[in-house]
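Keeping their order, the protein sequence lines are chains A and B. Numbering of the first sequence is given in the working numbering, commencing with residue 1 and proceeding in unit increments. Numbering of the second sequence is given in the working numbering, commencing with residue 1 and proceeding in unit increments. Ideal placement from N, C-alpha and C gives every residue a C-beta, glycine not left out.
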Amino acid sequence: MNRWLLLTTLILLPTAGAANLTVFAASSLTDAFTEIGRTFDARTGHRTTFQFAGSQVLRTQLAAGARADVFASASDAQFTPLAGLLGPRAVLARNRLTVIAPRNNPKVQTVRDLAGAGVRLVLAAPNVPVGDYSRRMLGAVDRAGTYGPDFSRRALGNVVSEESNVRQVALKVSLNEADAAVVYASDVTPALKKTVRVVPLPSRFNQLADYPIGTLRASANGDAARAFVAFVTGREGQAILRRWGFLSP
Amino acid sequence: MNARPLPWAGALLGGLFAAFLLLPTLVLLTRGLGADFLPTLRSPAVLDALRVSLWTTMVTLVITVLTGTPLAYLLARRDFPGRALLDALLDLPVVLPPVVAGLGLLLTFGRSGLLGPGLELAGISLAFSPAAVVLAQLFTAAPFYLRAAKAGFAAVDRDAEAAALIDGAGPWRAFRFVTWPLAFPFLLEGLVLTWARALGEFGATILFAGSLQGQTRTVTLAIYSALDSDLGPALVLSAVMVVVAFSVLLTVRLLAARRGDGRPS
Numbered sequence: 001m002n003r004w005l006l007l008t009t010l011i012l013l014p015t016a017g018a019a020n021l022t023v024f025a026a027s028s029l030t031d032a033f034t035e036i037g038r039t040f041d042a043r044t045g046h047r048t049t050f051q052f053a054g055s056q057v058l059r060t061q062l063a064a065g066a067r068a069d070v071f072a073s074a075s076d077a078q079f080t081p082l083a084g085l086l087g088p089r090a091v092l093a094r095n096r097l098t099v100i101a102p103r104n105n106p107k108v109q110t111v112r113d114l115a116g117a118g119v120r121l122v123l124a125a126p127n128v129p130v131g132d133y134s135r136r137m138l139g140a141v142d143r144a145g146t147y148g149p150d151f152s153r154r155a156l157g158n159v160v161s162e163e164s165n166v167r168q169v170a171l172k173v174s175l176n177e178a179d180a181a182v183v184y185a186s187d188v189t190p191a192l193k194k195t196v197r198v199v200p201l202p203s204r205f206n207q208l209a210d211y212p213i214g215t216l217r218a219s220a221n222g223d224a225a226r227a228f229v230a231f232v233t234g235r236e237g238q239a240i241l242r243r244w245g246f247l248s249p
Numbered sequence: 001m002n003a004r005p006l007p008w009a010g011a012l013l014g015g016l017f018a019a020f021l022l023l024p025t026l027v028l029l030t031r032g033l034g035a036d037f038l039p040t041l042r043s044p045a046v047l048d049a050l051r052v053s054l055w056t057t058m059v060t061l062v063i064t065v066l067t068g069t070p071l072a073y074l075l076a077r078r079d080f081p082g083r084a085l086l087d088a089l090l091d092l093p094v095v096l097p098p099v100v101a102g103l104g105l106l107l108t109f110g111r112s113g114l115l116g117p118g119l120e121l122a123g124i125s126l127a128f129s130p131a132a133v134v135l136a137q138l139f140t141a142a143p144f145y146l147r148a149a150k151a152g153f154a155a156v157d158r159d160a161e162a163a164a165l166i167d168g169a170g171p172w173r174a175f176r177f178v179t180w181p182l183a184f185p186f187l188l189e190g191l192v193l194t195w196a197r198a199l200g201e202f203g204a205t206i207l208f209a210g211s212l213q214g215q216t217r218t219v220t221l222a223i224y225s226a227l228d229s230d231l232g233p234a235l236v237l238s239a240v241m242v243v244v245a246f247s248v249l250l251t252v253r254l255l256a257a258r259r260g261d262g263r264p265s
């Protein structure tokens with residue numbers, strides 16, 4: 001009898017204590033969440049795996065029945081449509097936009113140059129959160145009238161590629177294939193800084209991105225998933241996010 | 001052929017596997033060829049993708065024939081130092097993962113690549129242009145033509161060529177009226193396979209050429225980007241690709257039969 005008890009405990013213990021957690025997260029969270037995952041796992045004994053992609057890709061996959069425990073999106077537009085599948089919404093971080101250009105390519109010096117003749121601009125596609133924010137930023141420049149009323153039309157005419165996530169956008173500039181691109185401030189990581197420079201973007205044009213996070217109702221690891229969300233929104237998670245260039249909500 | 005009844009376990013396993021191979025294609029066809037097929041087919045995103053794909057693959061085919069034919073002829077007929085090695089290495093793009101091919105192209109022809117500064121000086125900018133799409137397709141697909149053409153030139157009866165030369169035909173006329181027609185079914189089969197591979201190109205294109213509707217967004221790239229929002233165009237384009245793939249298979253079968261190489265058609 002005692003032997004059975006021991007055996008049962010041995011089999012159940014690992015599953016009861018440590019969960020295998022799957023987190024779907026926006027591409028821009030790649031570095032910060034990888035570090036958060038390592039710290040969280042070390043602290044709790046859970047094993048966290050991430051799938052990073054454009055939020056719109058993750059949203060489509062979740063809507064099609066992909067199994068995950070936590071979803072962190074770069075915009076509400078890709079989060080609220082899944083409200084029925086998700087638990088309560090929390091905001092994990094905020095982000096701003098930034099314009100980047102290759103370090104050894106002087107073509108783009110100011111925001112005005114984005115609409116200059118022959119400039120090769122790369123944006124994310126309109127359904128990618130950062131692509132949506134980028135177009136709103138161009139619209140804000142239009143409304144201010146600083147660079148003429150058709151600024152955004154000319155800038156969008158310079159777009160040579162629409163990428164499916166923000167890291168692909170940044171890659172095109174770091175390879176010097178594009179003259180400029182719009183990404184999040186948090187994407188200008190130490191690794192990227194070696195090859196790109198930041199073009200000043202006046203704050204009155206900038207957009208503030210809210211990152212919603214929630215657990216999936218269908219998750220088999222509800223407790224661990226909620227613990228992860230609590231860790232991300234908690235003191236330690238926020239410190240890591242700030243270190244990677246995010247703003248606390 | 002064996003007329004004995006199959007063991008039931010073998011029939012079951014084989015049947016399951018055949019169903020696994022066929023079912024996804026059937027699902028794509030039934031979902032894609034639904035009621036919205038024609039309206040979605042006429043949408044700009046779908047038409048642009050078809051136009052970009054058709055246009056770039058045609059250019060790829062023309063370049064493949066113009067440059068691949070002489071190379072295949074040399075490899076099949078002439079002996080030169082390093083021929084065997086070159087022959088083997090030219091098959092490399094066929095087995096290379098496409099995304100690796102894309103990275104290689106980027107590091108060679110990109111602005112910061114090996115040939116980038118030279119191309120820039122010459123005023124040639126490949127990145128994000130339809131030319132980059134063509135290069136990606138050429139790199140990954142042309143070796144299929146090369147292989148088929150080599151086999152074709154090797155299979156041509158040398159006596160027929162010799163007879164033409166004795167009858168007073170010059171080397172060019174002997175090639176044009178004897179070698180070329182005899183090798184033609186091989187060349188055509190290689191061309192069809194190259195076209196199919198070029199049409200399906202994805203990994204190298206998205207890395208090297210980017211993705212912009214009407215410029216560089218081919219059918220496969222359009223399917224990928226449509227998956228994020230509206231499934232409609234993705235389904236319609238996928239159904240079109242299934243039909244195209246079926247036609248390619250049929251053509252290759254017919255060509256093989258016409259070549260009369262003993263394979264059942």
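For residue i, three-class secondary structure by DSSP
i	result
ALA18 (chain B)	helix
SER161 (chain A)	strand
GLN215 (chain B)	coil
ALA142 (chain B)	helix
ALA72 (chain A)	strand
GLN137 (chain B)	helix
THR67 (chain B)	helix
LEU58 (chain A)	helix
THR60 (chain B)	helix
ALA25 (chain A)	strand
GLY6 (chain B)	The residue asked about is misnamed: residue 6 (chain B) is Leu in this sequence, not Gly. Residue state, collapsed to three classes: coil.
LEU13 (chain A)	Legend: pLDDT at LEU13 (chain A) = 49, less than 50; position of this residue unreliable, no value from coordinates given.
LEU13 (chain B)	helix
LEU255 (chain B)	helix
LEU247 (chain A)	strand
Residue interval of the alpha helix (DSSP H) (run including residue i)
i	result
VAL94 (chain B)	92-95
GLY116 (chain B)	116-121
VAL178 (chain B)	No alpha helix (DSSP H) holds VAL178 (chain B); DSSP gives it neither H nor E.
ALA180 (chain A)	Element bounds for ALA180 (chain A): not the alpha helix (DSSP H) but the beta strand (DSSP E), 180-184.
ALA191 (chain A)	190-193
GLY224 (chain A)	Per the sequence shown, residue 224 (chain A) should be read as Ala rather than Gly. ALA224 (chain A) -> alpha helix (DSSP H) spans 222-233.
GLU35 (chain A)	30-44
THR205 (chain B)	203-208
VAL128 (chain A)	Taken as a continuous stretch (DSSP letters only), VAL128 (chain A) belongs to no alpha helix (DSSP H), as it is neither H nor E.
ALA170 (chain A)	166-174
GLY104 (chain B)	98-109
8 Å Cβ cut-off: residues of chain B touching residue i
i	result
LEU175 (chain A)	LEU106, GLY110, ARG111 and SER112
SER164 (chain A)	SER211, TYR224, SER225 and ASP228
SER219 (chain A)	Chain B residues near SER219 (chain A): none, gap ~24 Å exceeds 8 Å.
THR146 (chain A)	Within chain B, no residue comes near THR146 (chain A); the closest Cβ sits about 27 Å away, beyond 8 Å.
N- and C-terminal bounds of the beta strand (DSSP E) containing residue i
i	result
ARG197 (chain A)	196-199
TYR211 (chain A)	208-215
VAL91 (chain A)	90-102
VAL122 (chain A)	121-124
VAL156 (chain B)	Careful: VAL156 (chain B) lies outside any beta strand (DSSP E) and carries neither H nor E.
THR146 (chain A)	Element bounds for THR146 (chain A): n/a, residue is neither H nor E.
THR48 (chain A)	47-53
THR80 (chain A)	No beta strand (DSSP E) contains THR80 (chain A), which DSSP labels as neither H nor E.
Interface partners of residue i on chain B, CB under 9 Å
i	result
THR80 (chain A)	Those within 9 Å of THR80 (chain A) in chain B number zero; the least Cβ separation is about 15 Å.
Chain-ordered chain A contacts of residue i [CB-CB under 8 Å]
i	result
PHE17 (chain B)	What PHE17 (chain B) touches in chain A: nothing, since even the nearest Cβ is about 25 Å away.
Cβ-Cβ separation, residue j to residue i (assumed contact under 8 Å), whole Å
i	j	result
ALA83 (chain A)	PHE52 (chain A)	Not a contact, Cβ separation roughly 22 Å.
THR64 (chain B)	ALA132 (chain B)	Their Cβ separation, rounded to whole angstroms, is 17 Å, which puts THR64 (chain B) and ALA132 (chain B) out of contact at 8 Å.
LEU138 (chain A)	PHE151 (chain A)	7 Å
LEU201 (chain A)	VAL99 (chain A)	5 Å
VAL70 (chain A)	VAL229 (chain A)	6 Å
SER134 (chain A)	LEU97 (chain A)	7 Å
LEU105 (chain B)	ALA151 (chain B)	Wrong, their Cβ atoms sit about 27 Å apart, outside the cutoff.
VAL236 (chain B)	THR40 (chain B)	4 Å
ALA160 (chain B)	VAL178 (chain B)	5 Å
ILE36 (chain A)	GLY245 (chain A)	Between GLY245 (chain A) and ILE36 (chain A) the Cβ distance is about 14 Å, and since that is not below 8 Å, they are no contact.
GLU201 (chain B)	THR251 (chain B)	Not confirmed; about 19 Å, so no contact.
PHE128 (chain B)	THR216 (chain B)	6 Å
LEU175 (chain A)	GLY110 (chain B)	6 Å
Partner residues on chain A for residue i, Cβ-Cβ distance less than 9 Å
i	result
PHE128 (chain B)	ARG120, VAL122, VAL160, SER161, LYS172, GLU177 and ALA178
Proximity test, residue i beta-carbon vs the ligand ZN heavy atom, cut-off 7 Å
i	result
VAL156 (chain B)	The model on display carries no ligand, and the ligand ZN is accordingly not part of it.
CB contact below 8 Å: residue i versus chain C
i	result
THR98 (chain A)	Of the protein chains in this structure, namely A and B, none is chain C.
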